[in-house]
Amino acid sequence: MTTPPLNRCAAWQPLAGLLAQAGAPAALPYRQQSIEVASIDDDSRAVGPGSCFVAVRGARADGHAFIAQAVAAGAVAVVAEEPVIGLPDDVACILVRDSRDVLARMAAAFHRLPAEQASGYRLVGVTGTNGKTTVSFLLRSILRSAGERPALFGTVEYDVIRSVEPAALTTPGSLEICARLRAARDAGATAAIMEVSSHALEQRRVSGLAFSGAVFTNLSGDHLDYHGSMEAYEAAKRSLFSALTPTATAVVNADDAAGARMADAARRAGARVRTFSLREGADVCAEVCSSSATHTHLRIRGLATTVDVGTSLIGHHNVANVLAAAAMADALQISVSDIEAGVANLSGVPGRLERVSPVDHPFHVYVDYAHTDAALENVLSVLRPLAKGRLICLFGCGGDRDRTKRPRMAQAVAAGAEVAVITSDNPRTEDPLRIIEDILSGWPAEQGCRAVVEPDRARAIGLAIAEAREGDIVLLAGKGHEDYQIVGGQRRAFDDRREARAVLEARSRDGRPCPLECSAV
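Counting in the numbering used here, the sequence shown runs from 196 upward without gaps.
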């Protein structure tokens, strides 16, 4: 569903021209050749006078069933995948093979994005299972250090220069993303960075956009409830690189098995390819000179010159994220000094290994968005050498989502922590206890990790922190920056960071609460 004000331009535009730019030229009857449109809509409820309604088949509804309502609301043109009977003579009907694809291309043309991109408005897409948000934040910081005004669209926020809004989706629908790209350009954006999800690629949300660069971070099991298989999931990611043009650059992770296939797709499209790796042999690689609980110092080779970079991001996965952002910035001809400054200037990313306990606290509490087995393995391996005592990991799995990763996440936590508190994430319409049963199906019979169950996330956070003693580290995994929890279809206010701080304050004020009192596995 789209927001009408985002979708409308001050000037009406010729329908025939939009269709031609979208690659769907139509032989319109003479009386329809002069039709101009005021907006493009895929939701009949957003249609107004002068709209072009694009009928899209969705998972829950088929836009073709709402064509009559769209025409009654003022649509002057309809784009559909099947013939439409009974339209007024003055309403154009354009038949296409893939209305999703045409919708995205028409939206880009409507907001004049092809012309803007041709005149230097650069767009970088970042895709992969984990790391998209951190790479995007790093790249924005680097571009800002270079004096540019980058927009950003991703899991945490939509930054359109004049305003920053919490994100609803990692990658919005094609109508919204094109409207926001236009708004950012009008506000003075010189570039835009976009996290591109596998759903967005599968649903053609970005097919109308020309990417100047594309970054591949990594690939591990996720969203298999939607894609059906790892092969289909990877193919969706790979389509971003297959669509690159010869003027674009692909930056890919050479340490990930899928990286070579992303690179091959980009090369077949004629794009330039740059690889990055934590080991020697890639185009851009790094040596970690020193690291601590609050800082990483690394030497990056393969840019215009070798450079030493300091960052407050910690862990090997964040070294890879820094390399990805630096390699792309270098491809965009950003100076090494600006890359160094941009990396150093980023103090952190919301909900990504975000420490919520005071620096001098006897134990530490971190909040992280890790919600796959690979992400949990990464963050636990980062925290392990920092813990003088035990690792206590609280986690759950989202409801109505990929069930196959639930037992794998259990195995990752069992291998990386001493205590696991298994709780609810966003259960949505699933029974939280059923989700926890799926998680426990992967719990190793022989393991040294003590697991306890508390379905209520607020209570579970309290119990996890109550269990901690001096030298321990508590990881609250899964929700990261999110300030809500979805239970039974209802979205209610809930923030792991706020909950944890409240528990820490109460513990500091009242003394040590009772340790874990919940169901043991």
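Here a beta-carbon is modelled for each residue, glycine too, at the ideal position from N, C-alpha and C. Nothing here was measured: the structure is a model prediction, and the numbers come from that model.
Suppose you measure from the CA of E632 to the CA of H512; what does that come to, to the nearest Å? Distance between the alpha carbons of E632 and H512: 30 Å.
For F590 and E677, what's the separation of their Cα atoms in angstroms? When rounded, the distance between both Cα atoms is 14 Å.
Please state whether the Cβ-Cβ distance between P244 and A233 is less than 9 Å. Annotated as proximal: P244 and A233, with beta-carbon spacing under 9 Å.
So the alpha helix (DSSP H) Q312 belongs to, where does it begin and stop? Per DSSP, the unbroken alpha helix (DSSP H) holding Q312 starts and ends at L308 to A313.
Keeping to the same chain, check which residues put their C-beta closer than 8 Å to that of P283; ignore five residues upstream and five downstream. Excluding residues within five positions, the ones whose Cβ falls inside 8 Å are V266.
Segments assigned alpha helix (DSSP H), at least 4 residues, entirely inside the segment 469 to 551: Runs of alpha helix (DSSP H) with 4 or more residues, each lying fully within the segment 469 to 551, are found at 511 to 526 and 531 to 540, listed in chain order.
Determine contact between the segment 481 to 491 and the segment 404 to 414, defined as no fewer than three beta-carbon pairs at a distance below 8 Å. Output reads no: the segment 404 to 414 does not touch the segment 481 to 491.
Go ahead and pull the three-state DSSP assignment for L414. In the three-state reduction of the DSSP assignment, L414 falls in the coil class.
Bridge partners of F332, per DSSP? Answer is none; F332 lacks a bridge partner.
Would you call the segment 432 to 440 and the segment 474 to 485 touching, i.e. three or more CB-CB distances under 8 Å? Note that the segment 432 to 440 does not touch the segment 474 to 485; fewer than 3 beta-carbon pairs, one per stretch, sit closer than 8 Å.
Where do the ends of the alpha helix (DSSP H) carrying D354 lie? Run containing D354: none in the alpha helix (DSSP H); it sits in the beta strand (DSSP E), E352 to D354.
Could you round the C-beta distance between V614 and E662 to whole angstroms and report it? I think they count as a contact, below 8 Å. With a Cβ gap of about 6 Å, V614 and E662 count as contacting.
Could you please give me the residues that DSSP links to Q606 through a beta bridge? None, per the DSSP bridge assignment.
Would you call the segment 644 to 661 and the segment 530 to 546 touching, i.e. three or more CB-CB distances under 8 Å? No: fewer than three Cβ pairs fall under 8 Å.
Taking 8 Å as the threshold, find out whether the segment 680 to 688 comes into contact with the segment 641 to 648 through three or more Cβ pairs. As far as the Cβ criterion goes, the segment 680 to 688 does not touch the segment 641 to 648, which means the pair count is below three.
As assigned by DSSP and simplified to three states, the class of D285: In the structure shown, D285 falls within a coil segment according to DSSP collapsed to helix, strand and coil.
So, helix, strand or coil for E665, using DSSP? Correct three-state label for E665: coil.
Going by alpha carbons, who is nearest to T139 out of G218, A313 and A520? Residue 139 is absent from the structure shown; the chain starts at 196 and stops at 716.
Using a Cβ-Cβ cut-off of 6 Å (strictly less than) and excluding sequence neighbours within five positions of P220, which residues of its own chain qualify? Within the same chain, P220 has close Cβ partners L214.
List, from N- to C-terminal side, the beta strand (DSSP E) runs of 3 residues or more that fit wholly inside the segment 344 to 410. Taking only runs of at least 3 residues, the beta strand (DSSP E) segments lying wholly in the segment 344 to 410 are 345 to 348, 352 to 354, 359 to 361 and 386 to 390.
Same chain, Cβ closer than 6 Å to G657, neighbours up to 5 away in sequence not counted: The beta carbon of G657 sits closer than 6 Å to the beta carbons of V698 from its chain, once the five residues preceding and following it are set aside; these are given in chain order.
Who pairs with Q208 in a beta bridge, going by DSSP? Paired residue(s): V232.
How big is the Cα-Cα spacing for R377 and V355? Distance between the alpha carbons of R377 and V355 is about 9 Å.
Beta carbon of T412, beta carbon of D451: below 9 Å? In this structure, D451 lies closer than 9 Å to T412 by Cβ.
Please report the residue range of the alpha helix (DSSP H) in which H422 lies. From DSSP, the alpha helix (DSSP H) with H422 extends over L419 to H422.
For L571 and A607, believed in contact at Cβ under 8 Å, the rounded distance: Confirmed, about 4 Å.
Any idea which residues DSSP pairs D563 with across the strands? BP columns for D563 point to A672.
Candidates Q216, M523 and S434: which alpha carbon is nearest R307's? Among Q216, M523 and S434, the Cα nearest to that of R307 belongs to Q216.
Taking the alpha-carbon positions, what's the A379 to S340 distance? Each residue's Cα considered, the two are about 18 Å apart.
Where do the N-terminal and C-terminal ends of the alpha helix (DSSP H) with R463 fall, by residue? Looking at the DSSP string, the run of the alpha helix (DSSP H) that includes R463 is G454 to R463.
Top-ranked residue by Cα proximity to G584, from N516, P557 and T567: Considering only alpha carbons, the answer is P557.
Here's the rule: buried if 16 or more other CB atoms are within 10 angstroms of the residue's CB, otherwise exposed. What is V330? Around the beta carbon of V330, 16 or more other beta carbons sit within 10 angstroms, so the residue counts as buried.
Output the distance between the C-alpha atoms of A287 and A272, rounded to the nearest integer angstrom. So the two alpha carbons sit approximately 4 Å from each other.
My guess is that M604 and C592 are in contact by the Cβ rule of under 8 Å, so how many angstroms apart are they, rounded? That pair is a contact at about 6 Å.
Please state the DSSP three-state secondary structure of N448. Here N448 sits in strand by DSSP.
Return the first residue and the last residue of the beta strand (DSSP E) that A272 is part of. Under the DSSP assignment, A272 falls in the beta strand (DSSP E) whose first and last residues are A272 to A275.
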